[in-house]
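Asks: In my numbering, the protein residues as written are 24 to 383. Cβ coordinates follow ideal geometry from the N, Cα and C atoms, glycine included. These figures come from a predicted structure and were not determined experimentally.
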Amino acid sequence: MKNMIVNAVRSAVVTGGLCLAGGANAQLVLPDVEPCGAAIQTALSGGLNNLQCLKGTVTATSPGTYIASYHDEFLSYSIEALETIQKLAPSLLSTTIYGDWSKLVSGSGQLDIGVLIKANGDGVLNNPDPFPDAQSSNTTDPIYVRTWGGSTGTDTSDPGNDPNDPVLTVQEVVDWLSPQLIPVFYFDLADPQAGGAVSQLYFGGQVYLTDSSGVPLTDGNGDPVVWALDNVFDGQYSISGDLALDPDMVLAPQNVPVYIPGSGCSTAPFGADWCLITNSRGSGSPEFIAYAPSMDLSPYAKDGNLFWGNFKIAADGGASEEIYLTKRVSTTDIPEPGILILLGVALAGLGVVRRSKKVV
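#1: Take Q194 and list the residues in its own chain whose beta-carbon comes closer than 6 Å to its own, dropping the five residues that flank it on each side.
#2: Given this structure, state the Cα-to-Cα distance separating A338 from Q223, to the nearest angstrom.
#3: For E195, report the span of its alpha helix (DSSP H) as first-last.
#4: Counting Cβ pairs, one atom from each stretch, are 3 or more of them under 8 Å apart for the stretch 287-301 and the stretch 314-331?
#5: Taking Cβ positions, are W250 and V230 nearer each other than 7 Å?
#6: Got a sec, what are the start and stop residues for the alpha helix (DSSP H) L111 sits in?
#7: Quick one: grab the DSSP three-state call for P322.
#8: Could you tell me the alpha carbon to alpha carbon distance between G307 and D123, rounded to whole angstroms?
#9: Given a threshold of 16 other Cβ atoms within 10 Å of its Cβ, counted over all protein chains shown, does Q203 qualify as buried or as exposed?
#10: Restricting to Cα atoms, I'd like to know which of V190, D269, T84, A157 is closest to L348.
#11: Which class does S114 belong to by DSSP, given the choice of helix, strand or coil?
#12: The alpha helix (DSSP H) spanning A66 covers which residue range?
#13: From D55 to T119, what does the alpha carbon distance come to, in whole angstroms?
#14: Measure how close the beta-carbons of A313 and F97 come, nearest whole angstrom, since I'm counting them as under 8 Å.
#15: Check for me: the beta strand (DSSP E) holding L224 runs from which residue to which?
#16: First and last residue of the beta strand (DSSP E) that includes C76?
#17: Give, in chain order, every unbroken run of the beta strand (DSSP E) that is at least 3 residues long and sits entirely within the stretch 239-318.
#18: Where DSSP assigns a beta bridge to S92, which residues make up the other side?
#19: Out of V279, Y260, I283, P322, which has the shortest C-alpha to C-alpha gap to G243?
#20: What span of residues does the beta strand (DSSP E) with K335 cover, start to end?
#21: Buried or exposed: which applies to S236, given that a residue is buried once 16 or more other Cβ atoms fall within 10 Å of its Cβ?
#22: Can you name the residues that DSSP bridges to P58?
#23: Within a Cβ cutoff of 6 Å, which residues of the same chain sit near E106, ignoring the five residues on either side of it in sequence?
#24: Alpha carbon to alpha carbon, how far is S85 from G60?
#25: At which residues does the beta strand (DSSP E) containing T170 begin and terminate?
#26: Please tell me whether F398 and D95 are closer than 7 Å, where the distance is taken between their beta carbons.
#27: Among the candidates N254, G227, S353, L134, whose CA atom is the shortest distance from the CA of G332?
#28: Compute the Euclidean distance between the alpha carbons of P189 and P113, then round it to the nearest angstrom.
#29: Suppose you measure from the CA of G305 to the CA of G245; what does that come to, to the nearest Å?
#30: Per DSSP, which one or two residues make a beta bridge with S353?
#31: Between which two residues does the beta strand (DSSP E) harbouring G137 extend?
#32: I'd like to confirm the pairing. Which residues does DSSP put opposite F208 in its beta bridges?
#33: If you check the beta carbons only, do T82 and T88 fall under 7 Å apart?
#34: If you run the structure through DSSP and keep just helix, strand and coil, what is S159?
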């Protein structure tokens, strides 16, 4: 049981679809977080100390209510945890303020843009302009890599009025997000399978920017402009592009123990009010949602710069994983730089950081 818990919490709270936050269109709000107490970090983080609890729940007598975790530059939330808190302890997460998380489903249209869809050919979601069509996840390959956006897209079914339809620029993404600036990603991933070459579901991803010809943009330090979702906290994408299971990929957990005061739960073996969250919301419903707090795209929305997403998924049996961009979810306030620096220092002290932190 302990190993299951450690693996679950070290893994991303990331099974759902890819989403972008969208200001006035947002129907849901991600709650603020704070580092979970030492008791939870020590018992459940597997040494990463990356667990984040619902803000205001960490006190002198409570280690906090775990809802999210950092994975390199991305903060990833369990949608099932948010939904369960609203159901069993609604005063902690008001639906009036944060919306009803039980109603979040994967979809398409003006508020959701398909990135990775479980279909082939004409069945692959045809996105509205200016977005290219989704990539297909209709495969039985146990490990696969997909790249979306940039200049790799196609839009043959509905070319629309945009002469650069298959090309996705940073400016187009920023315009779509307005008035917000930071993309949010939600994932609808297949449940981990039993047995086979890959007995669990692992995920890794990056968002990166290039100039109009595909040459990677660099920051003031000469580092590539990239935001990584992996388990190496160095601000760089550490997952290989080959078709092999990478140790830096993030495990998508099925079961996570969460302390929800007042819930009356007894499903997790840690005492009263501990709930065992099962991250499986059913077909068509995302399980996880993530964003990089530092991903302000506005400085790069010029000169035809391109927006790219690259994702690596490992799951025995493959297929069914879906990723969307959405405008139905709004991010919380961006953490102060000092908070992220302190997180990096703590991880460096544990020997997790392998390379110096990039500053965009």
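Replies: Taking the geometry as given:
#1: A324
#2: 6 Å
#3: 193-200
#4: no
#5: yes
#6: 102-111
#7: helix
#8: 17 Å
#9: buried
#10: A157
#11: helix
#12: 61-67
#13: 15 Å
#14: 5 Å
#15: 224-233
#16: 74-77
#17: 249-252, 278-282, 297-301, 311-314
#18: L74, S99
#19: P322
#20: 329-338
#21: exposed
#22: Q75
#23: W124, S125
#24: 8 Å
#25: 166-172
#26: Residue coverage of the chain in this structure runs from 24 to 383, which leaves residue 398 outside it and unanswerable.
#27: G227
#28: 44 Å
#29: 44 Å
#30: V52
#31: 135-140
#32: A313, L348
#33: no
#34: strand
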